[in-house]
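Quick note, the sequences are listed as chains H and R, same order.
Here my numbering = 1-based position in the first sequence + 1043.
Here my numbering = 1-based position in the second sequence + 436.
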Amino acid sequence: MEKFKKIVGIAAPFTRINVDTDLIIPAESLKTISRKGLGKDLFSYIRFNENGSQNNKFILNQPNYKNSKILVTGKNFGCGSSREHAVWALKDFGIKCLIGTEFADIFYNNCFKNGVLAIILDSKKVEKIIKIVSSSKNSELEIDLESQTVKTKQNEIINFDILPYLKRNLLEGVDDISKTLEKKKLIDEYEFDMKKKYPWLEKKNG
Amino acid sequence: MSENKSPKTLFDKIWKNHVIDNIDESNSLLYIDLHLVHEVTSPQAFEGLRLSKRNVRQPDKTFAVPDHNVPTVNRDKIEDELSKKQLKALEKNTKDFGISYFPIDDIRQGIVHIIGPEQGLTQPGMTIVCGDSHTSTHGAFGALAFGIGTSEVEHVLATQTLLQKPAKNMRINLNGKTQKGVTAKDLILGLIGKIGTAGGTGHVIEYAGSAIKNLSMEGRMTICNMSIEAGARAGLIAPDETTFNYIKGRNFAPKENWDQALKFWKSLPSDETAKYDNEEILEVNKLEPQVTWGTSPQDVSSIKGKVPNPENEKDLNKRQSIINSLEYMGLKPGTKLEDIKLDQVFIGSCTNSRIEDLREAANIVKGKSVKTKAMVVPGSGLVRQQAEEEGLDKIFKEAGFEWRESGCSMCLAMNADKLKPGERCASTSNRNFEGRQGKGGRTHLVSPIMAAAAAISGRLTDVREFI
């Protein structure tokens, strides 16, 4: 998995609440067998008008935010469907980090499996960041995972918490599957015990 | 160890039974008993296995079925090239890795969350995952079941385990007796209206109380199905006689080990003095049939209600959200919900496409005619067959409904079944998000009998007028 250490980039404030993964990437864009190339369809229902032209009101279409690397989100971002395509689309578009008060559980997990850092802060801090990055001259932020800090253009520092294993995984770009396969013996033992304890769980074709 | 003797919830018990390794306090390696796979969220996972030359650890604990993409008419010739490619990929992947597969022309094919219970694969005390958020459905059997992303699908395929953060316990008691015309769908919609779409974030919700106890397995599945719409990781209902009776005799149900399994299942319900991190109560006596008016499942009201006025909302973000919803839905504040006219009615989805749903809906439409375009998409080939044996297909067809083959269909509009921009639909599915049933389409979530009543009157309707 791709590592995440430090990024400097434009942060776009997208304050809409309950943004669901259907809005991030609609179902019609899921007919793919690849993880790549989904950025073009990111937020497609609200990013583009019906005739296919850009919706200039949408934040990521505004000149200052076109190349955003960070999205500052409203409450409960990523709710709904488990589609990892939502994270693939954000990443393919160039978004490497999300900041919000709350993310839906599956979406949050999916971010970390793809080297995307989702930062949870209290609402006061998020509101403050939204206020700062809403001004185009101050919309750049520096995110440093090692020190767990968000730094504004005015060198103001905001600290964030993160679970130690998520931090370590991102910093090292850990491949979860390889790590788990190192525990093969434990899994073997569990299965051996289980067969004795719960014999009905062994598949028996009806 | 004193910890082992402390009272436990149903969730605690299943969790403890499946932990292989506690990596740290916020991360455990959990064994997965059943992995369900469909065509949309799995191709990249199989690709990952091939690239890293890994195998599926337990093909016998993995079941695949195409559902999201499949057409519900003319299935012998799939016209959409992209869908065809995805369906072909699933067929090849299941063959290459030796996974059980119910192809599109198999009577057992259907929506993945319908066929797990139908085949008896879903059993109490199991851990069940699928690359689909509505995996929560299986929690109705007292199984810990939740949706995962594609990277996690690959992890489960390769290792039969998953890295998980422990969830918090929430219990929701639904007390009382429901009125005539109020179904499991109304209970869960009413509950989401109360706690909101993030009300369950980080939690596993255990549904309890007399209103749950009195539900059939099918109703319980509807409740647990929409746990994700309350933001919960999973939903759970303690297994009881209703559960056991449902499982007994199904294809993959325990046979020679039945008594042993039963004894174990009976040990699963939460201990009486178990502690929950959060508790909620919903009194259901006065609950009326529910319908959504906005673009989030929490935007819900009694059918007797009106479209809300955003100006009455103090929270600015929420007010903006209502304004956006009403603009998208083409609705004016103060409009009576019963006055909202419809273009289409959809009866289907993993929430409401089981045989009881179809029976109840057919009972409402019998001898009447629809005023909208309307379709019924049974949850599986076997549900469809059963309905036809009971003559339900004739009732629907005579009333003007289209009688389709099984799949996810217009719940998420990945196949050809979708709304046109501006079209308004009463739907028995689970999400009224913008564009969910087709770009620009407008969705009102309702129960199957409310959908049936809506089709007959051509507008959102209080089904109690028809009972």
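Just so it is clear, CB atoms sit at the ideal spot from N, CA and C, and this is done for glycine as well.
For the region 598 to 619 of chain R, residues whose beta-carbon sits nearer than 7 Å to a beta-carbon of chain H comprise L599. Distance from the CA of R/N661 to the CA of R/Y643, rounded to the nearest whole angstrom, comes to 12 Å. In this structure, DSSP gives H/F1120 an extended state, which the three-state scheme calls strand. Sequence-distant Cβ neighbours of R/T731 in its own chain, meaning closer than 7 Å and more than five residues away, are S761, Y764, M765, N868, F869, E870. Assigned with DSSP and collapsed to three states, R/F538 falls in coil, not helix or strand.
The shortest C-alpha to C-alpha distance from R/T658 to any of R/S646, R/G671, R/E901 is the one to R/G671. When 7 Å is used as the limit between beta carbons, R/G575 is near no residue of chain H, the shortest such separation being about 15 Å.
Taking a C-beta cut-off of 7 Å against chain R, the contacting residues of the region 1111 to 1136 of chain H are G1117, K1118, N1119, C1122, G1123, S1124, S1125, R1126, E1127, listed in chain order. Setting aside the 5 residues that flank it on each side, R/K804 is surrounded in the same chain by A835, I892, each with a C-beta closer than 8 Å to its C-beta; the list follows chain order. About 6 Å separates the beta carbons of R/F582 and R/T571, which is inside the 8 Å limit, making them a contact pair.
Put simply, the CB of H/P1056 is far from chain R, with every gap to its CB atoms at 8 Å or more. In this structure, R/A849 sits near R/Q873, with a CB-CB distance shorter than 8 Å.
For H/A1055, the enclosing beta strand (DSSP E) begins and ends at 1049 to 1057. The C-beta of R/I628 has 16 or more other C-beta atoms within 10 Å across all chains shown, which makes the residue buried. Neighbours of H/L1229 in chain R, taken as residues at a C-beta separation under 7 Å, are given in chain order as I456, D457.
Assigned with DSSP and collapsed to three states, R/W839 falls in strand. Among the CB atoms of chain R, none fall inside 8 Å of the CB of H/E1215. Counting the other CB atoms within 10 Å of its CB gives R/D735 a total of 16 or more, which places it among the buried residues. For the pair R/A697 and R/E708, the Cα-to-Cα distance works out to about 22 Å.
Nearest C-alpha to H/K1174 among H/F1047, H/F1057, H/K1074: H/F1057. Unbroken alpha helix (DSSP H) stretches of 4 residues or longer found wholly inside the region 1134 to 1207 of chain H: 1148 to 1156, 1166 to 1176, given in chain order.
Put simply, the CB of H/R1078 is near chain R, with a gap under 8 Å to one of its CB atoms.
A contact between stretches requires three or more CB pairs, one per stretch, nearer than 8 Å, and the region 682 to 692 of chain R fails this requirement with the region 585 to 598 of chain R. A Cβ of chain H is located within less than 8 Å of the beta carbon of R/Q596. Contact annotation: R/I547 and R/G843 have beta-carbon atoms nearer than 8 Å. Think of a sphere of 7 Å around the beta carbon of H/A1070: the chain R residues whose beta carbon falls inside it are L848, A849, M850, in chain order. Residue R/Q559 holds the alpha-carbon nearest to the alpha-carbon of H/Y1241 among R/I776, R/L778, R/K630, R/Q559. In the DSSP assignment, R/G552 falls within the alpha helix (DSSP H) that extends over 548 to 554.
The beta carbon of R/K772 lies closer than 6 Å to those of K742 in the same chain, with the five residues before and after it left out. With the rule of 3 Cβ pairs closer than 8 Å, the region 1171 to 1187 of chain H does not count as touching the region 1062 to 1079 of chain H. A buried status is given to R/N529, since no fewer than 16 other beta-carbon atoms sit within 10 Å of its beta-carbon. DSSP places R/N753 inside the alpha helix (DSSP H), whose first and last residues are 752 to 765. H/L1164 is outside the set of residues whose beta carbon lies under 8 Å from a beta carbon in chain R. Distances from the alpha-carbon of R/I631 to those of R/D568, R/T563, R/L718 put R/L718 closest.
Sequence-distant partners of H/I1149 (beyond 5 residues in either direction) whose C-beta falls short of 6 Å from its own C-beta, in its chain, are S1125.
The alpha carbon of H/N1110 has as its nearest neighbour, out of H/D1084, H/G1137, H/A1129, H/S1072, the alpha carbon of H/G1137.
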